[in-house]
Amino acid sequence: MCTYELTFRPATACEADEVLALYQSVKGHGTCVWDDDYPTMREIAHDLETGNLYVLSDGCQIIGTISIVPENELDDQDCFVCRDGSQREIARIAVRREWRGYGLAGQMVERIADRLRNEGCHAIHLSAASANVPALKTYRKIGFCKAGEAYLYGGLYSLLELDLTAWNVEGAST
691 MCTYELTFRP
701 ATACEADEVL
711 ALYQSVKGHG
721 TCVWDDDYPT
731 MREIAHDLET
741 GNLYVLSDGC
751 QIIGTISIVP
761 ENELDDQDCF
771 VCRDGSQREI
781 ARIAVRREWR
791 GYGLAGQMVE
801 RIADRLRNEG
811 CHAIHLSAAS
821 ANVPALKTYR
831 KIGFCKAGEA
841 YLYGGLYSLL
851 ELDLTAWNVE
861 GAST
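Here it is as structure tokens:
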């Protein structure tokens, strides 16, 4: 029986297939630019191995995911203000279609931002497809600022930064 009490926590290895199914369910819908080559079980396995995959569950199924990228793949982009090694990158944010519109993606980002700030991070970087207007609105609402744009992964992406030294989770909207 589902409880509908939402739980945000690190993912476990036995949930890899369910996370992959969630990724696949959002591919090709709306503004999602993911394709058959990304994200795959390879990214999931790496995120699990590094302890950087988080899930939001309703007690019955995984309804959302978010990953912290330990490699900071965006570090070569010179548009970011924070470039001192105290920044982290987040990626692979997904929410089941039937759960969209409730601010859950924003809540997951805020939870990760709060955790990273408590760990001494000064900023979070992320890239979002420039055509993904709902995601960009969510990130702006949390406090991310557009640092620049770049052609990545075969398309135009907005590069966003959240200054965790000035960010207040209580003041952010979800």
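Heads up: the sequence shown runs through residues 691 to 864, numbered per this note's numbering.
Ideal Cβ positions, reconstructed from N, Cα and C, are used throughout, including at glycine.
Val-723 and Asn-742 have their alpha carbons spaced roughly 22 Å apart.
For the beta strand (DSSP E) assignment, the uninterrupted runs of no fewer than 3 residues enclosed by the stretch 693-768 are, from N- to C-terminal side, 697-700, 743-747 and 752-759. For Glu-839, there is no enclosing alpha helix (DSSP H); the enclosing beta strand (DSSP E) covers residues 835-842.
From the listed residues Gln-797, Trp-857 and Gly-844, the smallest Cα separation to Leu-746 is found for Gln-797. The C-beta of Val-771 has fewer than 16 other C-beta atoms within 10 Å across all chains shown, which makes the residue exposed. Rounded to whole angstroms, the separation of the alpha carbons of Leu-846 and Asp-737 is 25 Å. Across the set Glu-839, Cys-750 and Glu-739, the C-alpha of Cys-750 shows the shortest separation from the C-alpha of Tyr-694. Between the alpha carbons of Leu-854 and Asp-774 lies a distance of about 13 Å.
If you look at Tyr-829, you'll find it in the alpha helix (DSSP H) that goes 823-832. With respect to the 7 Å criterion, His-812 and Leu-764 are not classified as neighbours on the basis of their beta carbons. Val-823 counts as exposed, since fewer than 16 other beta carbons sit within 10 angstroms of its beta carbon.
Listed in chain order, the non-local C-beta contacts of Ala-703 below 8 Å within the same chain comprise Leu-738, local neighbours out to five positions each way being set aside. Under a 10 Å Cβ-count criterion, Glu-809 is classified as exposed, with fewer than 16 other Cβ atoms of the shown protein chains found around its own Cβ.
Less than 7 Å divides the Cβ of Ser-848 from the Cβ of Ala-818.
With a beta-carbon spacing of about 7 Å, Tyr-744 and Arg-699 fall inside the 8 Å limit used to define contacts.
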